[in-house]
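Last residue of the sequence shown: number 480 in our numbering, and the count goes up by one each step with no gaps. Working notes, structure below.
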Amino acid sequence: MLTYPFDFHFTSAIVSRVPASLKDAALCQRDIREVINIDKARKQHQDYIAILRKLGLDVIELPADESLPEGVFVDDTAVICDGIALICRPSAPGRSKEVDIIRTLLRREGLQIVDIKDSSATIDGSDVLFTGREFFVGLSKTTNLSGAKAVASAFPEYPVTLLRVKKGAHLKNYVSIVGMDTMAIGGSDIAKDLLRQMEEMSEYKSYKIITLPDDTAANCLWINDTVFHLPADQRYGESIRILTNRLGPSVSHGELQNSEFAKIDCVLSSRCLLFNRPS
């Protein structure tokens with residue numbers, strides 16, 4: 202059973218290798234200004250996978266599928282909590298095969314599968330933030346009200362708060378969990394509006410908030426007592442210094458590169474699907 206509040210300890214992760222098609226075909230409808238270096242992206246992703254394994258996670262690594270340019274972004278395919286996997290319905294055309302692969306894999310791992318029956322629903326996992334106490338679901342261009350209602354239906358024991366994301370990015374592009382009852386959030390007007398909504402509507406009122414100048418730096422991974430964040434380089438140095446200072450010296454943390462994936466607006470959390478195998 203899930204500990205309450207959940208302590209973000211995981212046994213397992215699903216990742217997928219990077220297809221060459223990511224360079225030319227991924228999200229062709231997006232305004233991609235920079236060319237993705239596939240070799241560099243693959244190196245960054247292999248380092249990412251190695252870190253997950255060092256944390257003790259059993260990592261299931263899916264092969265690259267050239268017909269699935271976005272297949273590396275597995276976080277969009279499911280929302281997992283307490284042995285239940287809600288299978289998402291990404292709005293982007295052509296991602297149904299990704300979802301089918303993940304559904305089959307999670308069923309094989311012993312999780313209870315919940316499919317969304319409402320054909321009008323759309324939801325990306327990257328729009329769903331679990332805090333350990335409740336769910337926040339971002340209503341965005343990729344997640345609609347029917348999709349958000351599916352989260353509430355799949356996990357009725359947890360409060361679900363709906364947040365309106367003013368522009369196209371996913372909810373987790375602006376906010377993440379970085380410790381027990383602790384959130385990092387960006388400093389943009391969009392992030393500030395999300396924080397206002399959370400403070401007004403959240404069931405739980407005692408979150409510690411770490412506000413960072415850069416939205417991108419606010420997306421972190423808190424796994425097995427360690428916080429992973431972007432490098433403290435020239436671009437994000439101030440944000441990372443604020444983050445690590447606020448977390449304190451007792452918190453383990455480390456850096457993960459994401460420069461190539463950031464070119465298509467994808468953040469650290471988008472490249473893994475974390476879960477615990479049923480005991």
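Glycine residues also receive a C-beta, built at the ideal position from the N, C-alpha and C atoms.
- Between Met384 and Ile378 the beta-carbon gap is near 6 Å, inside 8 Å, which marks them as a contact.
- Ala214 and Leu258 do touch by the CB rule: their CB atoms are close to 5 Å apart, below 8 Å.
- Across the structure, Ile443 and Pro414 are spaced so that their CA atoms are roughly 9 Å apart.
- Within the same chain, Lys241 and Gln245 come within 8 Å of Ser460 by CB-CB distance, once the 5 residues on both sides are set aside.
- Short of 7 Å from the beta carbon of Pro220, and not among the five residues preceding or following it, lie these beta carbons of its own chain, in chain order: Ala265, Asp266, Glu267, Leu269, Pro270 and Gly272.
- In the structure shown, Asp325 falls within a coil segment according to DSSP collapsed to helix, strand and coil.
- Under DSSP, Asp259 shares a beta bridge with Ser213.
- Going by DSSP, Met384 is part of the beta strand (DSSP E) stretching over Thr383 to Ile386.
- Counting along the chain, the unbroken beta strand (DSSP E) around Gln313 starts and ends at Gln313 to Val315.
- The alpha carbon of Ala433 has as its nearest neighbour, out of Glu456, Ile424, Leu363 and Ile411, the alpha carbon of Glu456.
- Note that the segment 349 to 364 touches the segment 327 to 337; at least 3 beta-carbon pairs, one per stretch, sit closer than 8 Å.
- Remark: three or more beta-carbon pairs, one from each stretch, lie closer than 8 Å, so the segment 306 to 325 and the segment 280 to 290 are flagged as touching.
- Residue environment analysis places Glu299 among the buried positions, since at least 16 neighbouring C-beta atoms fall within 10 angstroms of its C-beta.
- Ser471 counts as buried, since at least 16 other C-beta atoms from the protein chains shown sit within 10 angstroms of its C-beta.
- Beta bridge pairing from DSSP links Phe476 with Ser213.
- Around the beta-carbon of Thr305, fewer than 16 other beta-carbon atoms lie within 10 Å, marking it exposed.
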